[in-house]
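The sequence shown begins at 190 in the numbering used here and counts up one residue at a time.
Please read the structure below before turning to the comments.
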Amino acid sequence: MNKLFLPTWWELFVAIVILSSLFVLHADNCTAQSLPYLPDELTQVLEEGLPTAVPKAVETGHFEKLPAGNSFVWLADSTGNLKKGNKLAFSKTFDASLLEDEVGFVAIRCRLVHATIDSEVNRPGRVLIHIGDRDTLRQTALYHKGTIGREWGWYFHPFRAATSLLKNTGKIRISFDLQPQRIEIEDVRLYLAPPGFDMARLPMIEAGYQGREPDAPWRKKAAARIEKYRMSPLVVRVCDTHGNAIQQADVRIRMRRHAFGFGSTFHVRLIEDTSSDAIRYRQTFEELFEALVPVPALIPQHTPDAKQGNYANQLLSDLTNTLKWAHDRRLPMRGHTLVWGNLQPWSNAFVAANKPKQILSSIREHEKYVLDKTKDVIHEWDAINHPIRFQKDLRDIFGDSIYSELLAEQRTMTSAKLIINEALFDNDREERFFQFMKKFQNQSPSKADGIGFQSHFSTNNLRGMEDLWRRYERFAPLVDRLVVTEYDFVCNDDKLHADYLRDILTLSFSHPKMTGFINWGFWAGYHWKPEGTLIRKD
């Protein structure tokens, strides 16, 4: 009797992370001593140096101007932080325009002088970098938290603009009251690249994570769990037509498909496209993935019935053909999403018009449409997406019981598994969601089947393996199943990206309640964050 050992599935993922020319710097002190080489195409758009006038003191701290040779530096002395927002900050404006998806590079020369956190003596400094419009900063091109070391050096971060800023409207704001700390600042620079620039050409401070080491203790434990929960004995008996055993028979066994949902989103627009990219997209999906999430045609206000004209007709055709394509290949499918908890522009418009009941009418129309359309092929749904508010969510309009009521209604409409899907890798958000789920599962007339971990990572919020496992274990008792629903990792360090993908896949696969791992896209040609994909556009 032999055991059937599963193939090394993560090698498929790692193999497609195409290597490029990268400039990687060690980050023992979170900064580089000198600013690295930048391609000539980049343009510095800020005035040199710091403003001469020191900003006024605020409730969370103050700035000081200190002599430094023939010039000066600023000291940002943060004495605390607010529950919401930041006040200890300074800004610089720029006149150049910045278009959505264009590449930029921000650099700050600074050092941490002191962090008054008794329990974390060696904790690095933290700054918030916000690039947006001068008037309100609500048109946000970049919102990024950086980590500052104790030695003088450059902290830098390449980025892709999340929105456009018109000429003569841009501003960069650096905030320091994220924690009690003292940080000295000498210079701030902002470089912009021309359209079409490849962000992989820019340097990035190397990041790491706990558990990356080849001999990290978690690996043996994960391997043991995989053997226990993901493998089983296989007995093969080869007989002739009379039932007699055939001695020394040559038997070859190949697994056709994983039961575990190793999957990705699939852009329905590419299902009928005959371009070489679209053909390769479909072929690559079949080679790599075991589960499919059709996007964006099942999201509220993005479904065919919410659109008009030729676009609606084409979207309906694309969705129908995608569902058939996946079903013909026996690819399990997930649906995203029945309810979006955070208020969106369309739901905010109903609130502003004093027509909140229209929100519920729209939700129920959406649920009926997508559940009828997919009832025979989709057997798991993100029933409620983002229940925890960023600004406002449905509870602010309809009361705390609204999610329970909506999920109970969904139970009468579908037999599919219903998942509550949330971004859980921020400590404060994790705690709020945990308390929400405990109450939800204890008081709801119908409990959720599972919890979805959205898992959008960057080098700034990368979680170690012990931290991930702690979170999985914390939420597992509340539900029957867990699923990683929206994995991507914005990073232009291919080695780090490959290592982290290998490890988070291994760890997630080893959890007995984990049922799937969904990449939130895999090709940079169709992705909301191209640097977060497995395959580049070319």
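Every residue gets a Cβ at the ideal spot worked out from N, C-alpha and C, and that includes glycine.
The structure displayed is predicted, hence computed values, not measured ones.
Is DSSP giving F212 helix, strand or coil here?
Below a pLDDT of 50, predicted positions are generally treated as unreliable, and F212, at 34, falls in that range; the measurement from the model is reported next regardless. In the structure shown, F212 sits in coil (DSSP, three-state: anything other than H, G, I, E or B).
Do you know offhand how far S210's Cα is from L549's?
At S210, the pLDDT of 30 sits below 50, so the modelled position is not reliable; the number obtained from the coordinates is stated separately. Roughly 51 Å between the two C-alpha positions.
Would you check if there are 3 or more beta carbon pairs closer than 8 Å linking the stretch 627-646 to the stretch 595-612?
yes
Do the stretch 453-468 and the stretch 528-538 meet, that is, are 3 or more Cβ pairs less than 8 Å apart?
no
Within 10 angstroms of its Cβ, does R663 collect 16 or more other Cβ (buried), or is it exposed?
exposed
Identify which residue in Q624, I320, H575 has its Cα closest to the Cα of T674.
H575
Count Cβ pairs between the stretch 533-549 and the stretch 581-596 that sit closer than 8 Å; are there 3 or more?
yes
Near L326, which residues of its chain fall below 8 Å by C-beta distance, leaving aside the five closest residues on each side in sequence?
H319, K360, R362
Measure the alpha-carbon distance for I573 versus T268 and round it to whole angstroms.
39 Å
If you pair each beta-carbon of the stretch 518-526 with each one of the stretch 480-495, do three or more pairs fall below 8 Å?
yes
For M393 and L227, the rounded distance between their alpha carbons:
11 Å
Alpha carbon to alpha carbon, how far is V247 from L271? Give it in angstroms, no decimals.
11 Å
Local Cβ density within 10 Å of Y500, reported as buried at 16 or more and exposed below that
exposed
Segment contact flag, the stretch 407-415 with the stretch 434-442, C-beta cutoff 8 Å, min 3 pairs:
no
Excluding the 5 residues preceding and the 5 following F539 in the sequence, name in chain order all residues of the same chain whose CB lies nearer than 7 Å to its CB.
P545, Q547, I548
Buried or exposed: which applies to S536, given that a residue is buried once 16 or more other Cβ atoms fall within 10 Å of its Cβ?
buried
Return helix, strand or coil for Y676, following the three-state DSSP convention.
strand
Measure from the C-beta of E236 to each C-beta in chain B and report whether the shortest distance is under 8 Å.
No chain B appears in the structure shown, which is made up of a single protein chain.
Confirm, please, whether the CB-CB distance from L317 to S280 is below 8 Å.
no
Classify F579 as helix, strand or coil using the three-state DSSP reduction.
coil
Taking DSSP as the reference, what is the three-state secondary structure of M444?
coil
For the alpha helix (DSSP H) holding G498, just list the boundary residues, first then last.
498-517
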